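The sequence shown begins at 813 in my numbering and counts up one residue at a time.
Where a beta carbon is used, it is the ideal one built from N, C-alpha and C, also for glycine.
Quick caveat, the model's predicted, so the values are computed rather than measured.
What follows is a set of notes on a single structure, which appears directly below.
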Amino acid sequence: MKIIIATGNAGKMKEIKSIFNNSDYEVVSMKEEGISADVDENGATFEENALIKAREIAKLSGHIVLADDSGLEVDALNKEPGIYSARYMGEDTPYSVKNASLIARLDGVEFEKRTARFVCAVAAVYPDGKELVVRETMEGYIGYEEKGKNGFGYDPIFYLKEFDKTSAEISLEEKNEISHRGKAFRAIKKLMEEM
């Protein structure tokens, strides 16, 4: 059975394909399926945005579609950037600039109060209209500088106490075990297999 992943992000695609590696599903990207759509994610939550995206691509494709919405919540900044994580400071702004801004905004905030989490909501929409939604998180802290080359986005400033490293310094395998996206896609895969 084919599943279309509603993303254009190559890093994300690689993570998701490795999770569905030993399943009965053939996992393909929108690009591989020849689908191009600019979906207006105007929901108020990660869950709403994931469903908006999955429904739209399911209409266009006629296949099962998985879509996620994920982002970073920084507690000391009122859970910003939240659902605006990708658009924070403008979509074309490099993450090095976004990361530097978050670090600057936390200047003087003691380490224990720099708590943050990556959130990922994944929606599965079936051709018959059936829908599933899950939400998972990865808890951590905002570091004081960028470290590591393994991740993307906010990974280089997201410090994981249990590893004493940022999420950009751990391996892809380690990250998939604990990441918000890894946990959410494993949870949705389990729900789909139980249907």
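Only residues of its own chain outside the window of five on either side were considered, and among them 960, 962, 963, 967, 968 have a CB closer than 6 Å to the CB of residue 980, listed in chain order. Distance from the CA of residue 863 to the CA of residue 909, rounded to the nearest whole angstrom, comes to 30 Å. Uninterrupted beta strand (DSSP E) stretches at least 3 residues long and entirely within the stretch 829-875 occur at 838-841, given in chain order. Per the coordinates, the alpha-carbon of residue 935 lies some 10 Å from the alpha-carbon of residue 996.
The count of Cβ pairs closer than 8 Å, one atom from the stretch 850-865 and one from the stretch 822-832, stays below three, leaving the stretches out of contact. By the CB criterion at 7 Å, residue 907 and residue 965 fall inside the cutoff. In the same chain as residue 999, and ignoring 5 residues on each side of it, the C-beta atoms closer than 8 Å to its own belong to 934, 946, 948, in chain order.
Between residue 881 and residue 858, the C-beta spacing is below 7 Å.
The beta carbon of residue 994 lies closer than 6 Å to those of 988 in the same chain, with the five residues before and after it left out. Residue 889 and residue 931 have their C-alpha atoms roughly 15 Å apart. Around the CB of residue 899, fewer than 16 other CB atoms lie within 10 Å, so the residue is classed as exposed. Inclusion of residue 847 and residue 872 in the CB contact set at 7 Å is warranted, their separation being smaller than that value. For residue 839, the CB contacts under 7 Å within the same chain, skipping 5 residues up- and downstream, are 815, 817, 828, 829, 832 in chain order. Going by DSSP, residue 909 is part of the alpha helix (DSSP H) stretching over 907-917. Contact between residue 870 and residue 937 holds, since their C-beta atoms are separated by about 4 Å, short of 8 Å.
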